[in-house]
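Here this note's numbering is used: the first residue of the sequence shown is 2, the next is one more, and so on.
Using N, Cα and C, we set each Cβ at its ideal position, and we do this for glycine too.
Quick caveat, the model's predicted, so the values are computed rather than measured.
These notes are about the structure you will find just below.
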Amino acid sequence: MFLKDKKILITGLANKYSIAAGIAHAMHREGASLAFTYQNERMLKNLAPIANELGSSILIECDVSSDDSIKKSFTQLKKHWDTFDGFVHSIGFAPADQLLGDFVDVTTREGFKIAHDISSYSFTALAKAAKPMLNDSSALLTLTYLGAMQSLPNYNVMGLAKASLEANTRFLAASLGSDNIRVNAISAGPIKTLAASGVKNFRKMLSQHSERAPLGRTVTSEEVGNVAAFLCSDYASGITGEITYVDAGFNTAAMPLNDKG
Ligand code: 0WD
2 MFLKDKKILI
12 TGLANKYSIA
22 AGIAHAMHRE
32 GASLAFTYQN
42 ERMLKNLAPI
52 ANELGSSILI
62 ECDVSSDDSI
72 KKSFTQLKKH
82 WDTFDGFVHS
92 IGFAPADQLL
102 GDFVDVTTRE
112 GFKIAHDISS
122 YSFTALAKAA
132 KPMLNDSSAL
142 LTLTYLGAMQ
152 SLPNYNVMGL
162 AKASLEANTR
172 FLAASLGSDN
182 IRVNAISAGP
192 IKTLAASGVK
202 NFRKMLSQHS
212 ERAPLGRTVT
222 SEEVGNVAAF
232 LCSDYASGIT
242 GEITYVDAGF
252 NTAAMPLNDK
262 G
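Here you go:
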């Protein structure tokens, strides 16, 4: 129970397949009290039973594209928790037309703006809003993907947004370090979720991942959840500004082993 006495806010739990669901389960298992935000009314239907199962009745609407919505959501949270110990930012978005086709052909100024706003700036925006309520030894966590470091088909402008998110993690870590607030990211391997289904040929990504990854498989949301729980716990008190890969080793292998000739 290494998160006993920790209060953690979870964002981006769209349904039971969300990575945020795996994280919430692991954090609950380790004794954390949880609160959740949801993007809009439509998301509440899937979130409510999961939150209930995890002993939480704190469900707050928060659309991270709006400063007003973020402000209102923290005012709401304050009614339940005077202070808390961190949040998980599990939010990413780019318009569908940005994730289909050749990068140069499909990327637009508007698509770039939206992808960076929702997938990267929102992490800063949430940190800004949360800061006055964060306890000593708090931890913030976001979810990134290898597309920040290496190109791949169709991921396109999301790769740029994830690169921004990773830099964001380092700058937030530097900014909040003096308050003893840690900021980290998990770079997860591909997992079949709602957001992932927006990336064309995602199934092919999964099978290629299993071929090249040293562990010979993909990862689960539960595995990501376990690392997330650790990173937000005091056991990780010496870790900040770090991108931790939970990808069955995929990023460490240049070629599949069965290609050795
Ligand atoms: O393979 C994967 N699934 C990977 C996902 C590999 C590596 C990283 N990630 C990242 C994603 O990029 C994202 O940052 O993990 C994070 C969580 O993604 P997920 O669990 O794969 O996807 P999903 O279950 O769809 O949750 C993302 C949610 C949204 O769901 P949809 O699919 O309806 O957009 O992000 C939320 C929303 O609930 N979201 C927002 N929340 C508040 N305000 C907003 C918004 N404006 N936009 C999206």
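Which one of G56, A174, G178, R110 has the shortest CA to CA distance from A186? A174
DSSP puts L144 in a beta bridge; with which residues? I187
If contact is defined by three or more beta carbon pairs under 8 Å, each pair taking one atom from either stretch, is the segment 192-210 in contact with the segment 94-102? yes
Distance, N252 Cα to P215 Cα: 9 Å
If you draw a straight line from the C-alpha of D248 to the C-alpha of Q209, how long is it? 13 Å
Please state if the CB of T108 and the CB of V158 are separated by a distance shorter than 8 Å. yes
So what's A170 in DSSP terms, helix, strand or just coil? According to the sequence as given, residue 170 is Thr; it is not Ala. Here T170 sits in helix by DSSP.
Proximity of T84 and C63 at Cβ, strictly below 8 Å: no
Check whether the segment 163-177 touches the segment 130-149, taking contact to mean three or more Cβ pairs, one atom from each stretch, closer than 8 Å. yes
DSSP three-state call for Y122: helix, strand or coil? helix
V225 to A255 span [Cα, whole Å]: 22 Å
When you compare each of G160, L142, A189 to L177 by their alpha carbons, which one comes out closest? L142
Can you find a heavy atom of the ligand 0WD that lies under 7 Å from the Cβ of C63? yes
In angstroms with no decimal places, state the Cα-to-Cα distance between L4 and M28. 7 Å
Is it the case that the CB of P1 approaches a heavy atom of the ligand 0WD more closely than 7 Å? Any question about residue 1 goes unanswered here, given that the chain covers just 2 to 262.
Helix, strand or coil at Y236 according to DSSP, with G and I counted as helix: helix
With distances taken between CB atoms, is the gap from I59 to S74 smaller than 8 Å? no
Considering Cα atoms alone, identify which of I11, L195, L153 is closest to D103. L153
Closer than 7 Å to a non-hydrogen atom of the ligand 0WD - does that hold for the CB of M44? yes
With a threshold of 16 other CB atoms inside 10 Å of the CB of F172, please say whether the residue is buried or exposed. exposed
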